[in-house]
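First up is the structure itself, then whatever we jot down about it.
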Amino acid sequence: MATNEHEPSREELEARLEEAESLIEALRKHEVDAILGGKDIALVRLREMEEELQRRQHKIEHRNQQLEQAHHSLESRSRELEQANDELEAFTYSVSHDLRAPLRALNGFSEILEEDYAGSLDDEGREYLKRISGNALRMNELIDAMLRLTKISRHEMRLENIDLSAMAAEVIDELRGSEPEREVEVRIEPGLVARADPELIKIVLTNLLGNAWKYTAGTSGPQIEFGRGPAQPGYETFIVRDNGAGFDMEHTHGLFTPFRRLHSKEEFAGTGIGLATVARVIRRHGGRVGAEGEVGKGSAFRFTLPAT
Numbered sequence: 001m002a003t004n005e006h007e008p009s010r011e012e013l014e015a016r017l018e019e020a021e022s023l024i025e026a027l028r029k030h031e032v033d034a035i036l037g038g039k040d041i042a043l044v045r046l047r048e049m050e051e052e053l054q055r056r057q058h059k060i061e062h063r064n065q066q067l068e069q070a071h072h073s074l075e076s077r078s079r080e081l082e083q084a085n086d087e088l089e090a091f092t093y094s095v096s097h098d099l100r101a102p103l104r105a106l107n108g109f110s111e112i113l114e115e116d117y118a119g120s121l122d123d124e125g126r127e128y129l130k131r132i133s134g135n136a137l138r139m140n141e142l143i144d145a146m147l148r149l150t151k152i153s154r155h156e157m158r159l160e161n162i163d164l165s166a167m168a169a170e171v172i173d174e175l176r177g178s179e180p181e182r183e184v185e186v187r188i189e190p191g192l193v194a195r196a197d198p199e200l201i202k203i204v205l206t207n208l209l210g211n212a213w214k215y216t217a218g219t220s221g222p223q224i225e226f227g228r229g230p231a232q233p234g235y236e237t238f239i240v241r242d243n244g245a246g247f248d249m250e251h252t253h254g255l256f257t258p259f260r261r262l263h264s265k266e267e268f269a270g271t272g273i274g275l276a277t278v279a280r281v282i283r284r285h286g287g288r289v290g291a292e293g294e295v296g297k298g299s300a301f302r303f304t305l306p307a308t
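The opening position of the sequence shown corresponds to residue 1 in the UniProt record's numbering, with each subsequent residue numbered one higher.
If you want it as structure tokens, here you go:
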């Protein structure tokens, strides 16, 4: 059957083949160029990332150097403060001991004057003598309190499980024995246990319960409570409450520092060191102290100890 299609010659076929090969080669070259171009872009991006990483590494190294310097500075400052505190405690201890001798002499001469020469003194002279004896007694109490405070930092801790309920009951019995005429309602929650140094924790309860006893002296229907407070992660909270004189919360700054008093010595006797002693003991155990109060409505003193 006849057809109009032209039969290509051998030369034409060879020409077309060369054309196809040239086209394929061109396509291949285009692919390679595209791939190489992408590789160049990737290499540029990698270099940018490397430079950014280096910048960040330098910044981290610089920050680490700053932190290391700050750490060394804090360690040095801590050592200086520790040394200063040791020197201060040593000075306090030394001065307190040195004051005892003249105080004993002062007390002794005051007693001699009162016993042997009271008749030779008028009312004003006897009043002065009474003031001398009273101030000497308060000074002696202050020295004793200061010595107790300094000894706490030197005390070797011996931790054991302590029945705080039983210990609090012992403190209350001692207080009742000192003032048997007083009728105070005391509630102690049973089963209060903590891991602490028994000698130091006895100081805490003696001070807090003693304060509650003291500051309820002028209260009608005095009440004192010792129990558990709201739990904190890893800690047990204990609270001593009373319905006594209380205090103004606006004047509590430095409440747990030495010589800080919320009431005058004419209102309530004391050295102003008891709460500082409590705070130091609790800090040595890794706990915290706090207080709330209201004038005429009582107060609540809390302390925390690591949970057993």
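Glycine included, C-beta positions come from ideal geometry on N, C-alpha and C.
- Task: Just the C-alpha distance for residue 36 and residue 54, rounded to the nearest angstrom, thanks.
- Result: Here residue 36 scores only 49 on pLDDT, less than 50, and its place in the model should not be relied on; the value that follows carries that caveat. Our two residues, residue 36 and residue 54, have alpha carbons roughly 27 Å apart in a direct line.
Determine, using beta carbons only, whether residue 224 and residue 186 come nearer to each other than 7 Å. Yes, the pair counts as a contact, with Cβ atoms nearer than the cut-off.
For this session: Flag this pair as touching only if the segment 282-299 and the segment 185-204 have three or more C-beta atom pairs under 8 Å; answer yes or no.
Result: In short, these stretches touch, since the Cβ pair count reaches three.
* With distances taken from CA atoms, which of 188, 133, 123 is nearest residue 382? -> Nothing about residue 382 can be read from this structure; the chain reaches only from 1 to 308.
**Prompt:** Distance, Cα to Cα, residue 114 vs residue 242?
**Reply:** Their Cα atoms are separated by approximately 40 Å.
Let me know the secondary structure DSSP gives residue 159 once reduced to three states.
The DSSP-derived three-state label of residue 159 is coil.
**Buried versus exposed call for residue 244 [16 or more other C-beta atoms within 10 Å across all chains shown]** = Under this definition residue 244 is a buried residue.
- Query: On the premise that residue 64 lies in contact with residue 103, defined as a C-beta separation below 8 Å, what is that separation, rounded to the nearest angstrom?
  - Reply: Contact between residue 103 and residue 64 is absent: CB atoms are separated by about 57 Å, not below the 8 Å threshold.
Please report the straight-line C-alpha distance between residue 160 and residue 70, rounded to a whole angstrom.
For residue 160 and residue 70, the distance between alpha carbons rounds to 37 Å.
Original post:
Thinking C-alpha only, which one of 304, 298, 277 is nearest residue 146?
Top reply: Comparing Cα-Cα distances from residue 146 to each of 304, 298, 277, the minimum goes to 277.
* Classification of residue 254 by the beta-carbon crowding that lies within 10 angstroms, buried from 16 upward -> Counting Cβ neighbours within 10 Å, residue 254 comes out exposed, since fewer than 16 surround it.
query = Exposed or buried, which one is residue 190 when buried takes at least 16 other CB atoms within 10 Å?
reply = Exposed: under 16 other Cβ atoms inside 10 Å.
ask   = So what does DSSP say about residue 206, is it helix, strand or coil?
value = Residue 206 falls in the helix class under three-state DSSP.
Looking at the unbroken alpha helix (DSSP H) that takes in residue 178, where does it start and where does it end?
164-178 is the extent of the alpha helix (DSSP H) around residue 178.
task: Taking residue 304 as part of the beta strand (DSSP E), name the residues at either end of that continuous run.
output: For residue 304, the uninterrupted beta strand (DSSP E) segment begins and ends at 298-306.
Applying the criterion that 16 or more other CB atoms from any shown protein chain within 10 Å of the CB defines a buried residue, is residue 322 buried or exposed? The structure shown has nothing for residue 322, since the chain only spans 1 to 308.
Once DSSP output is grouped into helix, strand and coil, what is the label at residue 235?
Shown here, residue 235 sits in a strand according to DSSP, grouped into three states.
query = Going along the chain, which residues of its own chain have a beta-carbon closer than 7 Å to the beta-carbon of residue 60, five neighbours each way excluded?
reply = Residues of the same chain with their beta carbon placed closer than 7 Å to that of residue 60 are lacking, with the five preceding and five following residues left out of the count.
Does the separation of the CB atoms of residue 152 and residue 99 fall below 7 Å? Result no, Cβ atoms of residue 152 and residue 99 do not sit closer than 7 Å.
Item checked: residue 211 classed as buried or exposed, judged by whether at least 16 other C-beta atoms fall within 10 angstroms -> With 16 or more other Cβ atoms within 10 Å, it is buried.
* Asked: Per DSSP, residue 186 forms a beta bridge with which residues?
  -> For residue 186, the pairing in a beta bridge is given by DSSP as 224.
Own chain residues within Cβ distance below 6 Å of residue 290, not counting five before or after: So the qualifying residues of the chain are 302.
Worksheet entry | Counterpart residues of residue 195 in DSSP-defined beta bridges | In the DSSP output, where bridge partners are listed per residue, residue 195 has 161.
Subject >> Separation of residue 116 from residue 149, as counted between CA atoms >> reply: About 38 Å.
**Request:** Note the first and the last residue of the continuous beta strand (DSSP E) segment covering residue 289.
**Result:** Looking at the DSSP string, the run of the beta strand (DSSP E) that includes residue 289 is 289-294.
query = Should residue 154 go down as buried or exposed, given a rule of 16 or more other Cβ atoms within 10 Å for buried?
reply = Exposed.
ask   = Which two residues bound the contiguous alpha helix (DSSP H) that contains residue 135?
value = Run containing residue 135: 123-154, per the alpha helix (DSSP H) assignment.
Whole-angstrom distance between residue 248 and residue 280, CA atom to CA atom:
Here the alpha carbon of residue 280 sits roughly 23 Å from the alpha carbon of residue 248.
Residue 242 - DSSP class collapsed to helix/strand/coil: Here residue 242 sits in strand by DSSP.
- Message: Can you check which of these residues, 156, 101, 232, is closest to residue 306 by C-alpha distance?
- Response: Per the C-alpha coordinates, the member of 156, 101, 232 positioned closest to residue 306 is 232.
Next item on the list: Give the secondary structure of residue 62 by DSSP, where H, G and I count as helix, E and B as strand, and everything else as coil.
Entry: DSSP places residue 62 in helix when its eight states are reduced to three.
- prompt: To the nearest angstrom, how far is it from the Cα of residue 166 to the Cα of residue 293?
  reply: Their Cα atoms are separated by approximately 26 Å.
Just the C-alpha distance for residue 295 and residue 126, rounded to the nearest angstrom, thanks. Residue 295 and residue 126 have their C-alpha atoms spaced approximately 37 Å apart.
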